[in-house]
Amino acid sequence: MNNFIYHNPTRLAFGKGQISTLSELISGENNLMITFGGGSVKTNGVYDQVRNALSNHDYIEFWGIEPNPTVETLRKAVNTAKENSIDFLLAVGGGSVLDGTKLIAAGICYDGDPWEIVLNRNGGRSVPYGSVLTLPATGSEMNRNSVISRAETNEKFAFISSRYPDFSILDPMVTFSLPPYQIACGLTDTYVHVVEQYMTSTGQSRIMDRWAEGIMLTMLELAPLIRENHRDYDLMADFMLSATLALNDMIRMGISEDWTTHMIGHELTALHGITHGESLAMVLPGTLRTLKEQKRGKLLQYAERVFGITEGYEEERIEQAIEKTENFFRSLGLSTRISEAEIGIETIESIADRFNKKGVTYGENKNVTGDVARRILMECL
Ligand code: NZQ
Ligand code: ZN
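Note that the working numbering has the sequence shown beginning at -11, numbered continuously upward.
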């Protein structure tokens, strides 16, 4: 196991009615701006709950942070925040509102264009922020990551904020209004987060392996039940907590990681607007097939411990595990092939080209270049 420091200071307030505790979590002394997406919170009652909880606070509102938040929108938010001397932000929405708010929080402390913060990858100083999460998927509610798009150039990159959310409120009741497609994407995103921290080499940490396998098994058990009834409180509570645990640093202590599928998925979103979770469903099987030699031991462990596959030649067990993974995404109603979205060779070449030009090397062995990404995407056709 590698050395590591673990320090996650986000306070989780989980369960029914927790939104009403907002007034205790945010000081009345703060200059507060609340950020929102496109309006789902107005139809499902979350907006009213937030307003009631903060009835004795002064604040301004910023609306319109879109899915795959763009720097074009966030520049406006930073300007509004600066004009109003904002020193605390509250994000109310899904991962996009949260990620966008992380950039606003850093942008307030930065003199230049917020896109430079994204390109630097390192957020620098940031004002504090908290969240009311409405969509289980990204883990953004308890991590420092933020993924920002630039519409003008069809780019989508991640940067790391210097701050974790001070608090996040997770009330599973607010997920009842989610459309089934967003739930399918959230289940997939959660699952793939775990896979990308797990599927490297064996023998690094027993506890990290078991923790990751525990979340994957939980997702496989929950998903069909949630597909039947996503207004069951206990099911959605387990899903919401799994999504947070999948990407809050808990399952990556001291081990290597491979974010290849996410990096390629972000390109599919940037170039074709594919929803994040579905982009991962399209890419992960191809990543596993292409990199199966370097991941052989872990794929066999995954086959056995997650899917109970113990019979047959190694090659067959690995292929069965990848097929079961792909079938899981299909059972959620998602596409698992880029050709289903009419994406073909032209896009594959442009992604390979982008990676090669940037000179990036992803994966636990830093060997996923543009050329390897091309091979992966050919498997995804
Ligand atoms: O904008 P509104 O009107 O609120 O509607 C949203 C949006 O249209 C809707 N929605 C959210 N909660 C709802 C709801 N509709 C009904 N009821 C509710 N309770 O759902 C739509 C999608 O929302 P979005 O926030 O875009 O989804 P998600 O949470 O999946 O976030 C996706 C973004 O997060 C990034 C992705 O790349 C993408 O940009 N990620 C962030 C990560 C992180 N910060 O750690 C890691 C992830 O791997 C991911 O890359
Ligand atoms: Zn993700």
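For glycine and all other residues, C-beta sits at the position ideal for the given N, C-alpha and C.
Buried or exposed, going by whether 16 or more other CB atoms sit within 10 Å of the CB of residue i?
i	result
residue 197	buried
residue 264	buried
residue -7	exposed
residue 113	exposed
residue 153	buried
residue -5	exposed
residue 102	buried
residue 207	buried
residue 76	buried
residue 332	exposed
residue 244	exposed
residue 90	buried
residue 96	buried
residue 134	buried
residue 184	buried
residue 50	buried
residue 439	Residue 439 lies beyond the stretch modelled for the chain, which goes from -11 to 369, so this question has no answer here.
residue 158	buried
residue 209	exposed
residue 48	exposed
residue 257	buried
residue 179	buried
residue 233	buried
residue 236	buried
residue 285	exposed
residue 190	exposed
residue 61	buried
residue 7	buried
residue 370	It is not possible to answer for residue 370, since the shown part of the chain is limited to -11 through 369.
residue 290	buried
residue -11	exposed
Who does residue i pair with in a DSSP beta bridge?
i	result
residue 48	21
residue 148	110, 133
residue 123	Per DSSP, none; premise fails for residue 123.
residue 138	143
residue 350	356
residue 294	According to DSSP, residue 294 bridges with nothing at all.
residue 76	20
residue -1	155
residue 26	According to DSSP, residue 26 bridges with nothing at all.
residue 81	121
residue 58	137
Taking C-beta to C-beta, are residue i and residue j nearer than 9 Å?
i	j	result
residue 276	residue 313	yes
residue 67	residue 21	no
residue 351	residue 282	yes
residue 4	residue 160	yes
residue -2	residue 155	yes
residue 117	residue 151	yes
residue 0	residue 41	no
residue 238	residue 294	no
residue 170	residue 253	no
residue 187	residue 287	yes
residue 34	residue 122	yes
residue 164	residue 109	no
residue 173	residue 270	no
residue 88	residue 79	yes
residue 319	residue 241	no
residue 364	residue 274	yes
residue 279	residue 227	no
residue 136	residue 106	yes
residue 266	residue 323	yes
Quick one: does residue i have its CB under 9 Å from some CB of chain D?
i	result
residue 261	Of the protein chains in the structure, only one exists, and it is not chain D.
### Query
Considering only residues of the region 90 to 117, which uninterrupted alpha helix (DSSP H) runs meet the minimum length of 4 residues and lie entirely inside it, listed in chain order?
102 to 108
#### Entry: Unbroken stretches of the alpha helix (DSSP H), 4 residues or longer, contained in the region 243 to 285
Listed in chain order, the complete alpha helix (DSSP H) runs (minimum 4 residues) inside the region 243 to 285 are 248 to 260, 264 to 278.
#### Entry: Contained beta strand (DSSP E) runs [length at least 3] in the region 151 to 185, N- to C-terminal order
At a cut-off of 3 residues, the continuous stretches assigned as beta strand (DSSP E) that sit fully inside the region 151 to 185 are 155 to 158.
### Message
For a minimum of 3 consecutive residues, which ranges assigned as the beta strand (DSSP E) are wholly contained in the region 197 to 230?
### Response
If one requires a minimum length of 3 residues, no beta strand (DSSP E) run lies completely within the region 197 to 230.
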